[in-house]
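Q:
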Amino acid sequence: LERQLQHADRLAKIGQFAAGVAHELNEPLANILGFAQLAEQTPGLPAQAMKDLDSIIKAALHSREVIKKLMIFGRQVPLRKTLIDLNQVIRDSLYFIEMSASRGKVEVRMNLAEGLPTIMADPQHLKQVIVNLVVNGIHAMPGGGVLTIETLSFKDDVYLLVSDSGVGMTPDVLRQIFNPFFTTKDVDQGTGLGLAVVHGIVHAHGGVIEVESEPGRGTRFEITFPCGGSGREMNPAMDDK
Ligand code: ADP
264 LERQLQHADR LAKIGQFAAG VAHELNEPLA NILGFAQLAE QTPGLPAQAM KDLDSIIKAA
324 LHSREVIKKL MIFGRQVPLR KTLIDLNQVI RDSLYFIEMS ASRGKVEVRM NLAEGLPTIM
384 ADPQHLKQVI VNLVVNGIHA MPGGGVLTIE TLSFKDDVYL LVSDSGVGMT PDVLRQIFNP
444 FFTTKDVDQG TGLGLAVVHG IVHAHGGVIE VESEPGRGTR FEITFPCGGS GREMNPAMDD
504 K
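Taken in order, the sequence shown gives residues 264 to 504; the numbers are from full-length UniProt numbering.
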């Protein structure tokens, strides 16, 4: 618990810092983008200058995406917890899941438990958890594969399981995946914030996240939520304050 609290505290500080930096960079970036787009309209521009401007605009657009993610990561959005049905949150994300999967030649298998107890949670934040896990799973299966989303209840807990048949992770990677900015992806593919955000949200709900992974076989995320919100809540990065 001590380690979790330390992690949450560090996450909150990094989040504030990241949001601050993102905010500072936003305006100069808007200028770079705006003026480059203006310059592109100049009549009779040499082809090379046109190409250079295109590169500037592409890089600026990418930076804008990164800044957006930093802002989301760092924002102190109050959690709006209500009693919700986890299955419903998954169904509400289905369109996104299926769109992403079909682009990656990934088959989606769902196994949602009937009569799942409700949990005390913020549906928007849970959606973010599902989306981040699904996107990572699909990324891990560049040649296609199977993504499984499961829910079940056991004793006083509700489980969300997301697994893929993808590339898996070495123990060395596995150890670092929840660290903010840790990524094994190219700069324009990953920010290393997805799982840090997932971790923050799960802990803000009094939940626990566990991962099993094997290189070449796949990865399985198991998230446990206390049903009905049994008071096991903490106050990390994204909680209301
Ligand atoms: P990003 O996806 O931007 O790199 P994340 O925090 O979401 O950031 O993930 C961190 C790293 O964890 C990824 O770069 C990848 O190496 C690893 N990872 C996450 N999910 C999976 C997965 N389902 N299969 C294999 N590796 C994964």
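Ideal Cβ placement from N, Cα and C applies to all residues, glycine included.
What does a CB cutoff of less than 6 angstroms around residue 482 pick up in its chain, not counting 5 residues either side in sequence?
A: Once the five neighbours on either side are set aside, the close Cβ partners of residue 482 are 427, 431 and 476.
Q: Could you give the C-beta distance for residue 381 and residue 490, rounded to a whole number, given that I count them as a contact under 8 angstroms?
A: About 7 angstroms; that satisfies the 8 angstroms criterion.
Q: Using 8 angstroms as the cut-off, classify the Cβ of residue 391 as near or not near the heavy atoms of the ligand ADP, replying yes or no.
A: Outside the cutoff, so no.
Q: Tell me whether residue 403, by its Cβ, gets closer than 8 angstroms to a heavy atom of the ligand ADP.
A: The answer is yes for residue 403.
Q: Suppose you measure from the CA of residue 349 to the CA of residue 392; what does that come to, to the nearest Å?
A: Cα-Cα distance, rounded: 12 angstroms.
Q: Examine the ligand ADP and report whether any of its heavy atoms sits within less than 8 angstroms of the Cβ of residue 432.
A: Residue 432 Cβ: within cutoff of the ligand ADP.
Q: Measuring CB to CB, does residue 367 end up less than 9 angstroms from residue 325?
A: No, the Cβ-Cβ distance between residue 367 and residue 325 is not below 9 angstroms.
Q: Give the secondary structure of residue 356 by DSSP, where H, G and I count as helix, E and B as strand, and everything else as coil.
A: Reduced to three states, the DSSP call for residue 356 is coil.
Q: Using a Cβ-Cβ cut-off of 6 angstroms (strictly less than) and excluding sequence neighbours within five positions of residue 478, which residues of its own chain qualify?
A: Result list for residue 478: 431 and 433, in chain order.
Q: When DSSP labels each residue in this structure, what does residue 307 get in the three-state scheme?
A: Coil at residue 307, not helix or strand.
Q: If distances are taken between C-alpha atoms only, which option among 334, 409, 488 and 465 comes closest to residue 454?
A: It is 334.
Q: Our contact map puts residue 423 next to residue 441 with C-beta atoms below 8 angstroms; I'd like the distance itself, whole angstroms only.
A: In fact, because the Cβ distance is near 16 angstroms, the residues do not count as touching under 8 angstroms.
Q: Please classify residue 504: is it buried, with 16 or more other beta-carbons within 10 angstroms of its beta-carbon, or exposed?
A: Confidence in residue 504 is poor, its pLDDT being 33 and thus under 50, which makes the residue's placement too unreliable to answer from.
Q: Residue 489 by DSSP, collapsed to three states: which one?
A: Residue 489: strand per DSSP, three-state reduction.
Q: Tell me the residue span of the alpha helix (DSSP H) that contains residue 395.
A: It spans 386-402 - the alpha helix (DSSP H) in which residue 395 sits, taken as one unbroken run.
Q: Going by C-alpha distance, which of 297, 396, 488 and 316 is nearest residue 359?
A: Out of 297, 396, 488 and 316, 396 has the C-alpha closest to the C-alpha of residue 359.
Q: Would you mind giving the Cβ-Cβ distance between residue 466 and residue 384, rounded to the nearest angstrom? I have them listed as a contact below 8 angstroms.
A: Not confirmed; about 12 angstroms, so no contact.
Q: Which runs of the alpha helix (DSSP H) at least 4 residues long sit entirely within the stretch 396-457? Give them in chain order.
A: Listed in chain order, the complete alpha helix (DSSP H) runs (minimum 4 residues) inside the stretch 396-457 are 434-437.
Q: Whole-angstrom Cβ separation of residue 443 and residue 308, contact assumed at under 8 angstroms?
A: At roughly 41 angstroms, the Cβ-Cβ gap does not stay under 8 angstroms, so residue 443 and residue 308 are not in contact.
Q: Three-state secondary structure (DSSP) at residue 366?
A: Helix at residue 366.
Q: Pull up the CB-CB distance for residue 319 and residue 299, whole angstroms please, since I reckon it's below 8 angstroms.
A: Going by Cβ atoms, the distance from residue 319 to residue 299 rounds to 4 angstroms, so yes, they are a contact pair.
Q: Quick check: what's the CA-CA separation for residue 470 versus residue 377?
A: Looking at the two C-alpha atoms, the distance is approximately 21 angstroms.
Q: Could you name the residues of the same chain whose beta carbon sits closer than 8 angstroms to that of residue 280, not counting the 5 residues immediately before and after it, in chain order?
A: Excluding positions up to five away in sequence, the list reads 337.
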